[in-house]
Amino acid sequence: GGAQDGTGAKEEVYTLRLTTAVTADDPVTVHMQILADELEKKSNGRLKVSVFHSSQLGSTEDTQEQAKVGADIGFLSDPGRFSTIVPEMGIMAGPFLLDDIFQVNKIMETSAYKRWVKELDEKHGIVELSTNWFSGQRHFVTNQPVRTPDDLNGLRIRTMGAPIYIESINAMGGVGTAMPWSEAYQAIQQKVVDGLEAQFSAIDGSRLYEVAKYVSKTGHFHLLNGIAVGSKWFYKLPEDLQILLREEAARVGDMQVRDMVEKRKYYEQVLQENGMTIIEPDVDLFREATRKVYDKLGYKELYDEIRKEIESN
Amino acid sequence: MKRLYRTAIRIEEKIAGYFLVAIVILVFISSITRFFDRPIIWSVEIAQLLFAWLIFLGADIVYRYKGHIGIDLIVEKFPEDKQIIVRIINNIIISFFLCILIFYGFQLSYENIGRTFQSFRISYSVCTISVPIGATSMLVTSAVEIYKSFLELKSMTVRR
Amino acid sequence: MYVVGTFIILMVFGMPVAFVIGISGTVYFLIDQQLPISIIVQKIAGTSQSFPLLAVPFFILAGNLMNSSGITQRLMRFATLITGHLAGGLAHVSCVLSFLMGGISGSAVADAAMEARMLGPTMLERNYSSGYAAAVIAMPGLITATIPPSLGLIVFGFVCNVSIGKLFIGGIVPGFLMTILFMSVAGIIAKKRDYVPERESIASIREILGSFRECIWALIFPLILIIGIRFGLFTPSEAGAFAVIYAYIVGKYIYKELNYKNMMETIIATVKDNAMVMLIIAMSAIIGYIVSYDNIGNELYKVLSELSIGPNMLMLLSILFFAVTGMFLDPNATVLIFGPILTPIIVKAGIDPVHYGLIMMSTLTFGNMTPPVGMAMYATCSIMNVKIEDYAKESVPFFVSVFALILVMAFVPDIVMFLPNLVF
Ligand code: NA
Ligand code: NA
Chain A
98 GGAQDGTGAK
108 EEVYTLRLTT
118 AVTADDPVTV
128 HMQILADELE
138 KKSNGRLKVS
148 VFHSSQLGST
158 EDTQEQAKVG
168 ADIGFLSDPG
178 RFSTIVPEMG
188 IMAGPFLLDD
198 IFQVNKIMET
208 SAYKRWVKEL
218 DEKHGIVELS
228 TNWFSGQRHF
238 VTNQPVRTPD
248 DLNGLRIRTM
258 GAPIYIESIN
268 AMGGVGTAMP
278 WSEAYQAIQQ
288 KVVDGLEAQF
298 SAIDGSRLYE
308 VAKYVSKTGH
318 FHLLNGIAVG
328 SKWFYKLPED
338 LQILLREEAA
348 RVGDMQVRDM
358 VEKRKYYEQV
368 LQENGMTIIE
378 PDVDLFREAT
388 RKVYDKLGYK
398 ELYDEIRKEI
408 ESN
Chain B
-2 MKRLYRTAIR
8 IEEKIAGYFL
18 VAIVILVFIS
28 SITRFFDRPI
38 IWSVEIAQLL
48 FAWLIFLGAD
58 IVYRYKGHIG
68 IDLIVEKFPE
78 DKQIIVRIIN
88 NIIISFFLCI
98 LIFYGFQLSY
108 ENIGRTFQSF
118 RISYSVCTIS
128 VPIGATSMLV
138 TSAVEIYKSF
148 LELKSMTVRR
Chain C
30 MYVVGTFIIL
40 MVFGMPVAFV
50 IGISGTVYFL
60 IDQQLPISII
70 VQKIAGTSQS
80 FPLLAVPFFI
90 LAGNLMNSSG
100 ITQRLMRFAT
110 LITGHLAGGL
120 AHVSCVLSFL
130 MGGISGSAVA
140 DAAMEARMLG
150 PTMLERNYSS
160 GYAAAVIAMP
170 GLITATIPPS
180 LGLIVFGFVC
190 NVSIGKLFIG
200 GIVPGFLMTI
210 LFMSVAGIIA
220 KKRDYVPERE
230 SIASIREILG
240 SFRECIWALI
250 FPLILIIGIR
260 FGLFTPSEAG
270 AFAVIYAYIV
280 GKYIYKELNY
290 KNMMETIIAT
300 VKDNAMVMLI
310 IAMSAIIGYI
320 VSYDNIGNEL
330 YKVLSELSIG
340 PNMLMLLSIL
350 FFAVTGMFLD
360 PNATVLIFGP
370 ILTPIIVKAG
380 IDPVHYGLIM
390 MSTLTFGNMT
400 PPVGMAMYAT
410 CSIMNVKIED
420 YAKESVPFFV
430 SVFALILVMA
440 FVPDIVMFLP
450 NLVF
């Protein structure tokens, strides 16, 4: 479709449904709505975009599959999830990969990233628009102060299921224990685990201050997210809309990162008001401790390659 | 041919039965091991996978016993031969639907073979494909039903 | 529109409900050229991948095992001892038995079918009118479905993300009230018509205690279940697996009535019951997807939240809505489609989702017992060979009283909420 000749032929309208697993009031969903509005405005209504939160159209795996088979679906996914199809991409979930979140744009400039995105598109039918959306940094939540890796020694820490998370926790001295997030609260309460690691918004959202005393601001993982659509759908769009989609996804992503960074203070305050003590640990010790994780998972060369490119820019 | 069909039916019922027992045991084990702080996550995922097969193999078994419930109130008022015709039409429509499930089901399983379960790394297609395979056996059942209905219809017209 | 049209036509022509739902959903995908058809398969298969729904086969199997392991027979003897001397004794036995079975079984339909086989023929022998007999067997299925465990509440909790443990405990008091209600209504009618008691006099305390001791294993199970769920020893789905193993051990090693043959029969029967229920739920997922995809859910949400009607009005409208949908649709399908839309609205209006869940599931499950579409009604009437018309006529007093009870539950939230608030 499209109106190439300008003779007043009706311009085709494309629909897009942006989906996420998080709830309606999550900062990420709020920015998705901003993205939807911007896309509609800047395309002069040629792109009609709506937002579906709380897995209304299915889990992230489901919506990824829907996008892949050609539906007008966009989905929010952490890059670690793609490691099952593009194994190298798992490194983006690695511990202390970034010094601060603003480096994420540098990662997207690296040749490695471009290689992954190309493979996602050509082999797996997924167009990753931009990977600079951000849900916050992960910190340790425990009932005893954690200032150095030694303090974590032997503590059972709930984390996410993938090997890279468990290995990282183990490297920092804890015992990484995978279980669904929904069970985490009760697990701490009943001392099934000694603590967990999570981002501020989740600590607040699940009212973990009712069952834990300390938050140790290690910030060991940056919880990155990417917005992706299906190749089948994407390449049916006229070129200007393709460009618009990529640009806006990255631009609103930047906005969302800044917003999340600004919210840190707010969350710290909320957690303190609810009785939690916030600890500033010696982050360098934790960073050192996790170095070996990259070797162990076979990411050593890749890690060096990416770090070099980030630092040289 | 008939004997082959009967054997297939028996095997299908056996498999479904064993799957049900396995699911109970897997979930039981997972809660016991969690209780003793040695959780095995994959046992629930396997149970979940078997559940898919239990449903769609079971759906065929129910179909063969005419156990899927519908409203017969209105059709019951029709004369007998009309009832059989309605039954044939219903089964033909269902067959079309099953063909859609079979075609797109195999396609989806093939295209998304790279999707895996969360904690044990086998393809999610092992779950997805239970739908087209269940649908295939239901298609056979449906064909047998249609054939039987035609025979019934024929014997009725002969009687007249 | 085409979807609704297809739905009605196929339904009228007697196509099985699961296929009616699946095919009407598929029509939407065939018309919308953009929407890949393989999503249908994804949605159907995906339903099986939710942990809470694993409870469906478990609680069906547990219920079926109770019958083959001799638990049900003992419970029936016990129920006869304590209520058999009342007029229309068997009607009371049916209510009490549903109540007792409710502690392990979670399905109204399974309960009605089982009792139609066990009590139906005797009732007709005693010259109960056929409609009355079918009604007093089918209706108390609602008790079984309300007393924890409850399939409907599991599905509601899963779809709407509400604590299943709390929902279960919320079902205890309403389950008691329903039992009393059904016994009163059945008793009044039986007395008027001089239906005979089963026993001449009240059983002696010794007899009752003796029988109580015999079925103690079945009677303590609900306690284990609730304590286990409350203290996080197991989730409701795991509780289902426990129930199965428990019924198996009682049947095999205590009552010694379970053998390989009736065990295999029970398993195959469960495979069938489970597939029947789950196929409907799986096919409903297609419609649920369409409702989301087409933004019907979000639109309805907007309209309802802008109307800003108070919680009481919202409750009343919901009951009416579910009473009507319950008459025509499968309860699980209805929850799957409307639950996610309505829950945020009612939470915003200040209604406790546990309270709402019990009202919604009671109303919908009762739809199983009402014409024109009702699985418990079909099962009972077909097993006992009773005309739906006769059943419908004799059911009126029960319909009215259950409706009244649901209204009372809706406007006196403490009936439902007192126990969950106390325990959690
Ligand atoms: Na029950
Ligand atoms: Na009953």
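Residue numbers (the numbering used here), protein chains in the order written: chain A, 98 to 410; chain B, -2 to 157; chain C, 30 to 453.
All C-beta atoms in this analysis are idealised placements derived from N, C-alpha and C, irrespective of residue type, glycine included.
If you're wondering where the values come from, they're calculated on a predicted model, not measured in any experiment.
- Counting only residues of its own chain and dropping the five nearest sequence neighbours on each side, residue 434(C) has a CB closer than 7 Å to the CB of 206, 207 and 210.
- Put simply, of 204(C), 107(C) and 340(C) the residue whose alpha carbon is nearest the alpha carbon of residue 248(C) is 107(C).
- The C-alpha of residue 121(C) lies about 6 Å from the C-alpha of residue 112(C).
- Any Cβ of chain A closer than 7 Å to the Cβ of residue 321(C) would place that residue at the interface, and such an atom is present.
- Close partners of residue 45(B) in chain C (Cβ separation under 9 Å): 77, 78, 79, 80 and 83.
- The C-beta distance from residue 259(C) to residue 452(C) rounds to 6 Å, short enough to fall under 8 Å.
- Within the same chain, Cβ atoms closer than 6 Å to the Cβ of residue 135(A) are found at 345, the five residues on either side in sequence being excluded.
- Residues of chain C whose Cβ lies closer than 7 Å to the Cβ of residue 149(B) do not exist; the shortest such Cβ separation is about 16 Å.
- Contact with chain A is found for residue 68(C), since one of that chain's Cβ atoms lies less than 7 Å from the residue's Cβ.
- DSSP places residue 62(C) in the coil class of the three-state scheme, outside both helix and strand.
- Bridge partners of residue 230(A) according to DSSP: 322(A).
- For residue 131(B), the enclosing alpha helix (DSSP H) begins and ends at 127 to 156.
- Not a single C-beta of chain C is nearer than 7 Å to the C-beta of residue 132(A).
- Segment contact: the region 151 to 165 of chain C against the region 330 to 340 of chain C, fewer than three CB-CB distances shorter than 8 Å; contact not assigned.
- Contacts with chain A (Cβ-Cβ distance below 7 Å) from the region 40 to 64 of chain C involve 63 and 64, listed in chain order.
- By the CB criterion at 7 Å, residue 116(A) and residue 179(A) fall outside the cutoff.
- Every alpha helix (DSSP H) stretch that sits fully inside the region 127 to 184 of chain C and reaches 4 residues is listed by chain position as 137 to 147, 149 to 154, 159 to 167 and 170 to 175.
- Taking a 10 Å sphere around the C-beta of residue 160(C), we find 16 or more other C-beta atoms and assign the residue as buried.
- For residue 114(A), the three-state secondary structure derived from DSSP is strand.
- Positions of the alpha helix (DSSP H) runs, each at least 4 residues long and wholly inside the region 267 to 348 of chain A, are given as 281 to 286, 297 to 302 and 328 to 331 in order along the chain.
- Look at residue 154(A): its C-beta is under 7 Å from a C-beta on chain C.
- For residue 120(B), the three-state secondary structure derived from DSSP is strand.
- Sequence-distant partners of residue 102(B) (beyond 5 residues in either direction) whose C-beta falls short of 6 Å from its own C-beta, in its chain, are 128 and 129.
- At a C-beta separation below 8 Å, residue 326(C) has these neighbours in chain A: 153.
- In this structure, residue 234(A) sits near residue 316(A), with a CB-CB distance shorter than 7 Å.
- The C-beta of residue 204(A) comes no closer than 7 Å to any C-beta of chain B.
- Judged by DSSP in its simplified three-state form, residue 332(C) adopts helix.
- DSSP places residue 240(C) in the helix class (H, G or I) of the three-state scheme.
- Here residue 449(C) is not near residue 69(C), since their CB atoms are 7 Å or more apart.
- In the structure shown, residue 384(C) adopts helical secondary structure according to DSSP, grouped into three states.
- Following the DSSP letters along the chain, one finds residue 221(A) inside the alpha helix (DSSP H) bounded by residues 208 to 221.
- Within the region 294 to 320 of chain C, 318 place their CB atoms closer than 8 Å to a CB of chain A, listed in sequence order.
- Across the structure, residue 107(B) and residue 419(C) are spaced so that their CA atoms are roughly 53 Å apart.
- Using a Cβ-Cβ cut-off of 7 Å, residue 222(A) does not count as an interface residue toward chain C, since no Cβ of chain C sits closer than that to its own.
- Following the DSSP letters along the chain, one finds residue 172(A) in no alpha helix (DSSP H) but inside the beta strand (DSSP E) bounded by residues 170 to 174.
- For the C-beta of residue 225(A), not a single chain B residue is nearer than 9 Å; the gap to the nearest is close to 15 Å.
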